[in-house]
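Q:
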Amino acid sequence: MVSQNKRRYQEGGFDLDMTYITENIIAMGFPAGDLSSGLFGYFEGFYRNHMEEVIRFFEMHHKGKYKVYNLCSERLYDASLFEGKVACFPFDDHNCPPIQLVISFCHSAYSWLKEDIENVVVVHCKAGKARTGLMISSLLLFLKFFPTAEESIEYYNQKRCVDGKGLILPSQIRYVKYFECILTYFNGENQPPRRCMLRGFRLHRCPYWIRPSITVSNHNGILFSTKKHPRTKELMPEDFWFSAPKKGIMVFALPGEPGLAEVAGDFKIQFHDRQGDFYCWLNTTMMENRVTLNPTDLDDFDKRKLPSPGFQVEVVLVDYDGSQLPKPKPTAGPADNKSDTNSSGSMVAKENNAAPAESNKGTGSNDKDEVFSDSEGEDGSSKGRKEKTASGGQSNTNAAKPSETSTVQEASAAASRLEKVAVTEQGAAKAPDATSLKTEVSSKSSSTTEPPPAVDSSSMSEFKAIAADASVFSFGDEDDYESE
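Note that UniProt numbering gives residue 254 to position 254 of the sequence shown, counting from 1, and the numbers run on in steps of one.
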């Protein structure tokens with residue numbers, strides 16, 4: 001048995017890794033033991049739910065009234081075993097699904113449930129815990145069992161696991177909160193992905209033993225890898241991470257290039273480190289151009305061998321067309337009580353527990369650079385946030401309770417995102433592709449500074465030479481230059 005901390009169904013002679021989350025929603029482990037799921041699936045029948053027992057249970061208790069939802073990307077089985085009532089919404093273990101997959105799942109489950117009051121949906125992945133929890137928590141929100149993602153997740157965790165630890169992966173929790181925002185602000189409809197350029201990363205309070213290599217990917221494959229990029233593939237991680245003038249900050253970017261990769265919608269950042277890998281899933285439409293993540297926001301960071309108190313990862317994006325994200329002003333309601341300046345225009349930053357990004361304190365043009373300068377496209381609505389703070393916005397007296405943030409401003413932020421999406425769609429034909437954008441940025445930089453290093457046999461040495469000047473890698477704000 002591999003039920004671990006999960007509640008089991010042990011009635012009427014059955015002993016199954018299965019839990020009734022509600023009367024009509026069931027979570028369970030993979031039904032194994034049939035050759036249609038392959039040799040691994042067959043042998044798993046010795047310690048997981050056995051297919052024959054699962055079928056016997058549903059034929060006895062919910063005959064003709066059940067539909068099975070398989071979330072496994074690594075396991076399939078013959079749908080005829082469940083009378084053909086099987087739907088597949090696959091995504092990888094320990095990862096997040098495309099947001100559209102969550103929406104489609106909820107619509108499918110709702111359609112089945114409303115056909116008959118006795119109908120039940122049966123959701124499973126391999127262990128029937130994390131991926132299953134992400135989808136069921138989202139379904140509970142969709143069916144209006146709970147008003148918030150936190151309540152939905154908490155309910156699922158208590159129902160499914162004896163210790164309340166079912167859905168615990170930070171990125172998967174983040175995606176349930178993304179779905180809550182889609183229901184709240186977009187009437188449950190997925191939005192076109194916002195095209196951005198990933199410019200680089202900044203590690204705050206970074207100890208000397210954290211120097212990771214980086215892989216950026218989406219559901220279609222790898223977008224960027226330091227192990228494969230011609231300018232970094234022959235370098236050790238210690239050679240392409242550079243110290244900012246401010247103590248304890250390490251920066252990574254590619255000087256002379258517009259960014260690391262174009263991202264749109266869902267994307268994954270994985271940090272490979274000798275002390276243990278860690279990663280996160282994000283969505284460009286649901287986030288600000290600067291997001292700062294705490295260790296509790298990073299998947300598998302808690303499994304690392306050495307503690308890193310105060311460590312943070314800052315992710316920097318820029319709107320692909322370089323335009324500034326519109327920032328509408330609230331028309332009613334109290335002033336925003338947030339003291340941080342990160343993601344006041346974001347629909348989900350209040351829920352993802354990310355640490356606030358450090359505000360730009362303003363610098364002269366001499367502090368600007370071509371890699372992480374605070375262009376309008378990069379800082380998004382940070383200027384509007386700074387003006388609001390300077391004009392007497394209330395200080396945050398409830399920083400630990402982000403759910404109490406002004407709903408008026410959240411609605412305004414959602415409206416601004418819709419406006420941004422509309423503008424992006426209208427200007428899609430005029431938006432430059434990655435090649436033209438890179439050429440344009442390179443031509444501009446060449447008129448004012450030295451030409452960017454060419455990617456040839458000597459690119460590694462040129463990369464080192466340019467990167468040796470840490471000011472090239474600054475974000476162009478005073479935070480890089482203050483001593484701690």
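The beta-carbon is built from N, C-alpha and C at its ideal position, and this holds for glycine as well.
Could you give the distance in angstroms between the alpha-carbon of residue 186 and the alpha-carbon of residue 49?
A: About 39 Å.
Q: Using a Cβ-Cβ cutoff of less than 8 Å, which residues in the same chain neighbour residue 492 once the five nearest sequence positions on both sides are dropped?
A: Nothing can be reported for residue 492, as the shown portion of the chain is limited to 1 through 484.
Q: Taking C-beta to C-beta, are residue 213 and residue 228 nearer than 7 Å?
A: Not in contact: residue 213 and residue 228 (Cβ atoms no closer than 7 Å).
Q: At which residue ranges does the UniProt domain "C2 tensin-type" (193–320) contain complete alpha helix (DSSP H) runs of 4 or more residues, listed in the order of the chain?
A: If we require 4 residues or more, the alpha helix (DSSP H) runs fully inside the UniProt domain "C2 tensin-type" (193–320) come out as 237–240.
Q: When you compare the segment 66–79 with the segment 150–167, are there three or more beta-carbon pairs, one atom per stretch, that lie closer than 8 Å?
A: Touching, no, given that fewer than three Cβ pairs across the two stretches are closer than 8 Å.
Q: Below 7 Å between beta carbons: does that hold for residue 485 and residue 204?
A: Only positions 1 to 484 of the chain appear in the structure, and residue 485 is not among them; the question remains open.
Q: Looking only at C-alpha atoms, which of 51, 83, 266 sits nearest to residue 100?
A: That would be 266, whose Cα lies nearest to the Cα of residue 100.
Q: Along the chain, where does the beta strand (DSSP E) that runs through residue 124 open and close?
A: Unbroken beta strand (DSSP E) run through residue 124: 120–124.
Q: Which of the three DSSP states, helix, strand or coil, is assigned to residue 170?
A: Looking at residue 170 - three-state DSSP - the assignment turns out to be helix.
Q: Over what stretch of residues does the alpha helix (DSSP H) that includes residue 102 continue unbroken?
A: Element bounds for residue 102: 99–115.
Q: Tell me the DSSP secondary structure of residue 161 in three-state form.
A: It is a strand residue.
Q: Cα-Cα, which of 258, 174, 57, 294 is closest to residue 11?
A: The candidate whose alpha carbon is nearest that of residue 11 is 57.
Q: Based on the DSSP output, what are the partners of residue 70 in its beta bridges?
A: Its beta-bridge partners are 88, 124.
Q: If I measure Cβ to Cβ from residue 308 and keep anything under 6 Å in the same chain, skipping five residues before and after, which residues do I get?
A: These residues qualify, in order along the chain: 207.
Q: Keeping to the same chain, check which residues put their C-beta closer than 7 Å to that of residue 219; ignore five residues upstream and five downstream.
A: Cβ within range, chain order: 98, 266.
Q: Out of 110, 222, 118, point me to the one whose CA is closest to residue 135's CA.
A: Nearest of 110, 222, 118 to residue 135, Cα basis: 110.
Q: Hey, quick one: how far does the beta strand (DSSP E) through residue 22 stretch, first residue to last?
A: Premise fails: residue 22 is in no beta strand (DSSP E) and is neither H nor E.
Q: For residue 84, is the classification buried or exposed, using 16 other Cβ atoms within 10 angstroms of its Cβ as the cut-off for buried?
A: By the neighbour-count rule (16 or more Cβ atoms within 10 Å), residue 84 is not buried but exposed.
Q: Let's see if you can read the secondary structure: which residues bound the alpha helix (DSSP H) around residue 61?
A: 51–61 is the extent of the alpha helix (DSSP H) around residue 61.
Q: Just reading off the alpha helix (DSSP H) that residue 132 is part of, what are its end residues?
A: Note, residue 132: alpha helix (DSSP H), 130–142.
Q: Could you give the DSSP three-state label for residue 16: helix, strand or coil?
A: It is a strand residue.
Q: Check whether the Cβ atoms of residue 104 and residue 281 lie closer than 7 Å to each other.
A: Their beta carbons are not under 7 Å apart, which means residue 104 does not touch residue 281 by this criterion.
Q: Closer than 7 Å by C-beta to residue 178: which residues in its own chain qualify, once you throw out the five before and the five after it? Chain order, please.
A: Answer for residue 178: 99, 283, 286, 348, listed in chain order.
Q: Could you have a look at residue 77 and say whether DSSP puts it in helix, strand or coil?
A: Looking at residue 77 - three-state DSSP - the assignment turns out to be coil, as it is neither helix nor strand.
Q: With distances taken from CA atoms, which of 231, 180, 68 is nearest residue 80?
A: Of the listed residues, the one whose Cα sits closest to residue 80 is 68.
Q: So, with DSSP's three-state summary, where would you put residue 65?
A: It is coil, neither helix nor strand.
Q: Give the straight-line distance between the Cα atoms of residue 239 and residue 165, rounded to the nearest whole angstrom.
A: Residue 239 and residue 165: Cα-Cα distance of roughly 40 Å.
Q: What's the call for residue 524, buried or exposed, on a 16-neighbour Cβ count within 10 Å?
A: One cannot answer for residue 524 here, as it falls past the ends of the chain, which runs 1 to 484.
Q: Compute the Euclidean distance between the alpha carbons of residue 235 and residue 108, then round it to the nearest angstrom.
A: Answer to the nearest angstrom: the Cα atoms are 48 Å apart.
Q: Thinking residue 17 and residue 128 are a contact (beta carbons under 8 Å), I'd like their distance in whole angstroms, please.
A: With a Cβ gap of about 6 Å, residue 17 and residue 128 count as contacting.
Q: When burial is assigned at 16 or more other CB atoms within 10 Å of the CB, is residue 24 buried or exposed?
A: Looking at its Cβ environment, which holds 16 or more other Cβ atoms inside 10 Å, residue 24 is buried.
Q: Please look up how many angstroms separate the CB atoms of residue 137 and residue 176, rounded, as I've assumed it's under 8 Å.
A: That pair is a contact at about 5 Å.
Q: When you compare only the Cα positions, how much space is there between residue 20 and residue 7?
A: C-alpha separation (whole angstroms): 9 Å.
Q: Smallest Cα separation from residue 131: which of 93, 147, 114, 143?
A: Residue 131 has its Cα closest to that of 93, out of 93, 147, 114, 143.
Q: Residues bridged to residue 32 by DSSP?
A: DSSP output for residue 32 lists 50 as bridge partner(s).
Q: Buried or exposed for residue 115, please, with buried defined as at least 16 other CB atoms from any protein chain shown within 10 angstroms of its CB.
A: Residue 115 is exposed by the Cβ-count criterion.
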